[in-house]
Structure formats: C-alpha cells, structure tokens
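**Q** Take a look at the following structure, please.
Number of protein chains: 2
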Amino acid sequence: MVGESGELWTQPQKIVKMDNQTQSIMLRGIHTPTLDNKGRFALPSRLRPELADYCDSELVVTVDVDEPCLLIYPKPDWEIVQAKLMSLPSLNPQVRRLQRLLMGQAADLKLDSAGRVLLPSALRDHARLSHQLTLMGLGNKFELWDAATWQQTQDAYRDEMGQLDSSEVLQDLSL
Amino acid sequence: MVGESGELWTQPQKIVKMDNQTQSIMLRGIHTPTLDNKGRFALPSRLRPELADYCDSELVVTVDVDEPCLLIYPKPDWEIVQAKLMSLPSLNPQVRRLQRLLMGQAADLKLDSAGRVLLPSALRDHARLSHQLTLMGLGNKFELWDAATWQQTQDAYRDEMGQLDSSEVLQDLSL
DNA sequence: AAGTGAGTCAGCCGATAAGCCGGGTTCTGT
DNA sequence: ACAGAACCCGGCTTATCGGCTGACTCACTT
C-alpha cells in the first residue's frame, strides 16, 4: 500500500508557451491525495507554483456526465468549455440537459495557503468520494475519482480492451 | 438535510468584460434557497452586488416551455431573448405559441432591500414550487426548480445518460 | 374602516470557511 | 547511511458570513 500511495506524481506539470501570445497548461500523471473530514484535498505541491502562475490558483470543478468522477479545470480552460457549452442551441433538450448538469453544478475553487481546495458536498456525493482519491492530469483538466471507484473502472477497462480497436475513430490513429 | 441545505452556492457570479464595449454576466453554480410564506426567496448574497451593478437588480421571470421550472433573466439578457422571440415569423403557430407562453407569463422582478424577489403565484404554480427550491446559474439566466422536482429530474438524467452521446449536436463537443 | 398583501428592519441561529499547528512520513542531498 | 527539509494529513480553533424568521408599517383595495 505504501508503494501505491504517496508521491506517484511522476509528471511535473508543464506550462507550454504556444507562441508568443498564448499560454496553455498540459496536465498529466496521477496522484493519490486524501480527502480530509472537511472535504478538502491537497493538490500536488509541484503543481502549485505553476497553477498560481497560470490561473492565479483558481480552478473550476464540475461533474462528469457519464462517470462518477469530477472534472477540475484551471479557470482559463473552463472559460473555453463554458463558452462552447453556451453556444449550443439551447432549445435542444439534450443540450439543455448537458448545460444544466455541467454549468449548474460548476463551482469555483481556490487553493488555500496550504495548497488545498474545498469540494462542495454535492459534488463529493456525485463522485462518491470517500477518503482515498485519485487525481489524474488529462491535458487541460484533472479528473478526480474515488480511489476504489477508479480501480474498479480501470479493471473494467482492461477487460473491454479487446473491443477497443473496433471503433472507427481510432482506426487512423497511430501512437 | 444539513449537508444539503445551507451554502452550496460556491460560485461567485462573474461579470465578464467581453470586449471594450459589451458586458455580459455569466451565471453558474447551484443554490438552494427557501420560499417564504409570502412567495419570496432570497438570491445568493454574493450575486447581489453584481446584479445591482449589471442590471440595477432588475430581473425578468417567465416559464420554461418544456420543464416545470422558471427562467429568470437579468433584464438586459431578457431584452435580447425577447427581441429574438419577436423577430420570429409570427404566422407560424408554433412560434405564436412560444411567444404567448414566454412573453405572456413574463413578469418583472426587483430585488427588495433584503435581496429577495416575489414570485407571482401563477408562476409558482407552474413550477410547482413548495418550500425548498433549487436555483441554478446557466450562463445568461437562472433556472428555478422545486428542489424535489429537480432531484427527480436529475436522477432521471443520470439513468438516461447512456443515450446522451447519440445526439449529433454533441458529437463534436470536446470537453 | 378593515383586511390583505408587500416592504422594511432586526436578531438569531447555524453553517462554513480559513488559519494554524503538530506529528509522521517521505524524499533529497551529502 | 544519515541528516535535513519538505510535505502531507488531520485536528482544532475562531470568526465571519449568510439565511431564515418574525414583527412592524404602509398602501391599497373592497
């Protein structure tokens, strides 16, 4: 258990200067923090300076629509997502549902002096977070899972792996 | 009940300066006020300064056409919606029906000194509001639900989630 | 004139958020 | 291998804030 907890965050964050105008953040790697009894958890300390720099330590958390996990965006990246969401035709029921879920549940987070953020209880419930968490960097966002849930999901993925390459989207992908 | 009530409003409002001309408000997050026995409820206190600034605390409420909930717009945003509505071809029966519903039921709201608004009883009936409410920020408007109704609706959403990606509008959406 | 409905004001209660600190563990560098 | 430092976690503390309620007043209506 020791090997699994602690500092598995093998990937330092990376702020990439795209061109002389744009900055963008590229998150990756995994980290396993714990949720304290007030619903807070600490972000990896190596990320903190970068986040302070990139988004003034301001994040936005919302639910994921089809998995019991939370999505955590640096604020600038969230703004982009939100703009996309709001530009969709709002008379479409599916669109409205998506907007309700994502925007309605969105919450601002600010790192405190100890590098922690406080998760609203409704979001903790959605992701069924208990004590051990799994935080994954996925490009412009984090995904936050309950550790046990993520473990199960990961196992399930492995079982389905054989059928994965049947999807057409992946046919042309070369890694 | 304790964990669900109280200050779930984690989102401060946001007035975004679009360019040097336009201002726009971007509402998000969830809040759970109560309806008092006079049919009033309080808006989240963090929003009040911004609303005072943005629309002189003037809102417009109307019904939603396909859900038992109410739509609450800051006045400037309502003006836009109204203009769009009136520019539609009014010979079309569907258009006329939409105009009747939305414009006919619209009512002006003004925050009182305690940051509350009084809902017309006809609108309270439409949304079947009892005591516990759910107020969601959705970009340029709020949606106001009876808390129990919203809970049911949300649960239903979660069950239907598997069909979500079948919609073409959402195919190209990358979050 | 009385009653109803709306606006104002004030106080209470509860919840939450932020700060602080101490202990234990891990990691790093020498 | 050892020492130092950093960091993570958890508990406690306080204080601030916001929401709710109830009472009072005013205006309008019937």
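If you read the sequences in order, they're chains A and B. Going by numbering that gives the first Met the number 0, the first residue of the first sequence is number 0, and it counts up by one from there. Going by numbering that gives the first Met the number 0, the first residue of the second sequence is number 0, and it counts up by one from there. Built from N, CA and C at the ideal position, the CB exists for glycine as well.
1. Just to make sure I have the definition right: I need the residues of chain A whose C-beta is within less than 7 Å of the C-beta of B:M135. Which are they?
2. Check the C-beta distance from B:D122 over to B:L26 and give it rounded, since I have them as a contact under 8 Å.
3. If you count every other CB in all the chains shown that lies within 10 Å of the CB of B:I29, and 16 or more means buried, which is it?
4. Anything in the region 117-133 of chain A with a Cβ closer than 7 Å to a Cβ of chain B? List those residues in chain order, please.
5. Closest to A:M102 by CA distance: which of A:L118, A:R157 and A:E78 is it?
6. Is it a yes or a no for the region 124-142 of chain A touching the region 65-80 of chain A, going by three-plus beta-carbon pairs under 8 Å?
7. Contact between the region 57-64 of chain B and the region 100-114 of chain B is defined here as three or more beta-carbon pairs at a separation below 8 Å; is this criterion met?
8. Is B:H30 helix, strand or coil when you go by DSSP?
9. So that I know if they touch, is there some Cβ in chain B lying closer than 8 Å to that of A:Q20?
10. Quick check: the Cα distance between A:S120 and A:P88, rounded to an integer number of angstroms?
11. Compare the Cα-Cα distances from A:S23 to each of A:L34, A:A41, A:F40 and A:Y53 and report the closest residue.
12. Using a Cβ-Cβ cutoff of 8 Å, what residues of the region 31-43 of chain A are near chain B? List them in chain order.
13. Strictly below 7 Å CB to CB, what residues from chain A border B:Y156?
14. Which residue marks the beginning of the alpha helix (DSSP H) containing A:D158, and which one marks its end?
15. On the DSSP bridge assignment, give the partners of B:P73 in chain order.
16. DSSP has A:Q116 in a bridge; who is on the other side?
17. Step through the CB atoms of chain A and report whether any lies within less than 8 Å of the CB of B:E49.
18. Tell me which same chain residues have a C-beta within less than 8 Å of the C-beta of A:Q104, skipping the five on either side of it?
19. Apart from the five residues just before and just after B:G181, which ones in its own chain have a Cβ nearer than 7 Å to its Cβ?
20. Starting from B:L137 and walking both ways along the beta strand (DSSP E), at which residues does that stretch end?
21. Identify, in the order they occur along the chain, each residue of the same chain with its Cβ nearer than 8 Å to the Cβ of A:A147, setting aside the five sequence neighbours on each side.
22. Beta-carbon of A:Q146 versus every beta-carbon of chain B: anything under 8 Å?
23. Is any beta-carbon of chain A found at less than 8 Å from that of B:E142?
24. If you measure from the beta carbon of B:R45 to each beta carbon in chain A, is any gap under 8 Å?
25. Check the C-beta distance from B:P192 over to B:L117 and give it rounded, since I have them as a contact under 8 Å.
26. Three-state secondary structure (DSSP) at B:L50?
27. Would you please verify whether the beta carbon of B:I29 is less than 8 Å from any beta carbon of chain A?
28. Rounded to whole angstroms, what is the Cα-Cα separation between B:E34 and B:D145?
29. Assuming B:Y156 and A:L100 are in contact, meaning their beta carbons sit under 8 Å apart, how far apart are those beta carbons, in whole angstroms?
30. Would you list the residues sitting across from B:E142 in a DSSP beta bridge?
31. Interface residues of chain B around A:M25 at Cβ under 7 Å?
32. Along the chain, where does the beta strand (DSSP E) containing A:L108 start, and where does it finish?
33. So, helix, strand or coil for B:A82, using DSSP?
34. Under 8 Å by Cβ, that's how I've got A:V64 and A:L90 pegged, so tell me the actual separation to the nearest angstrom.
35. Out of curiosity, what's the CA-to-CA distance linking A:D76 and A:Q93?
**A** Once the coordinates are examined:
1. Chain A residues near B:M135: R99 and G103.
2. It should be pointed out that residue 122 of chain B corresponds to Leu in this sequence rather than to Asp. With a Cβ gap of about 19 Å, B:L122 and B:L26 do not count as contacting.
3. With at least 16 other beta carbons inside 10 angstroms of its own, B:I29 counts as buried.
4. Contacts with chain B (Cβ-Cβ distance below 7 Å) from the region 117-133 of chain A involve P119, S120 and A121, listed in chain order.
5. Among A:L118, A:R157 and A:E78, the Cα nearest to that of A:M102 is on A:E78.
6. With three or more CB-CB distances shorter than 8 Å, the region 124-142 of chain A counts as touching the region 65-80 of chain A.
7. Yes, the region 57-64 of chain B touches the region 100-114 of chain B.
8. Looking at B:H30 - three-state DSSP - the assignment turns out to be strand.
9. Bear in mind that a pLDDT of 40 at A:Q20, under 50, signals an unreliable position, so the model cannot answer this.
10. Take the alpha-carbon of A:S120 and the one of A:P88: they are about 31 Å apart.
11. The option with the nearest alpha carbon to A:S23 is A:Y53.
12. Contact residues of the region 31-43 of chain A toward chain B are absent (C-beta to C-beta distance below 8 Å).
13. Result: R96 and L100.
14. Where A:D158 is concerned, the enclosing alpha helix (DSSP H) stretches over A146 to E159.
15. B:L58.
16. Contrary to the premise, residue 116 of chain A reads as Val rather than Gln in this sequence. Residue pairing by DSSP places A:V116 opposite A:F40 in a beta bridge.
17. Cβ-Cβ to chain A under 8 Å: no for B:E49.
18. A distance below 8 Å between beta-carbons, with the five flanking residues on each side excluded, links A:Q104 to the following residues of its chain, in chain order: T61, V62, A121, L122 and H125.
19. Residue 181 of chain B cannot be examined here, being either before or after the span of chain B that is shown, 0 to 174.
20. For B:L137, the enclosing beta strand (DSSP E) covers residues L132 to G138.
21. Once the five neighbours on either side are set aside, the close Cβ partners of A:A147 are S129 and Q131.
22. Before going further, note that residue 146 of chain A is Ala rather than Gln in the sequence given. No, its Cβ sits nowhere closer than 8 Å to a Cβ of chain B.
23. Among the residues facing chain A, B:E142 is included, as its CB has a counterpart in that chain under 8 Å away.
24. With 8 Å as the cut-off, B:R45 does not count as an interface residue toward chain A.
25. This structure does not reach residue 192 of chain B, given that chain B is present from 0 up to 174, and the question cannot be answered.
26. In the structure shown, B:L50 sits in a helix (DSSP, three-state: H, G or I).
27. Answer yes: the Cβ-Cβ gap between B:I29 and chain A drops below 8 Å somewhere.
28. The question names Glu, but residue 34 of chain B is Leu in the sequence shown. Here the C-alpha atom of B:L34 lies approximately 10 Å from the C-alpha atom of B:D145.
29. Contact between B:Y156 and A:L100 is confirmed by a C-beta separation of about 7 Å, below the 8 Å threshold.
30. Residue pairing of B:E142 in beta bridges, as defined by DSSP: B:L70 and B:M135.
31. At a beta-carbon threshold of 7 Å, none of the residues of chain B lie near A:M25; the nearest stands roughly 15 Å away.
32. Counting along the chain, the beta strand (DSSP E) containing A:L108 begins and ends at A106 to K109.
33. Here B:A82 sits in helix by DSSP.
34. About 19 Å separates the beta carbon of A:V64 from that of A:L90, a gap too long to meet the 8 Å contact definition.
35. Their backbone Cα atoms lie some 23 Å apart in a straight line.
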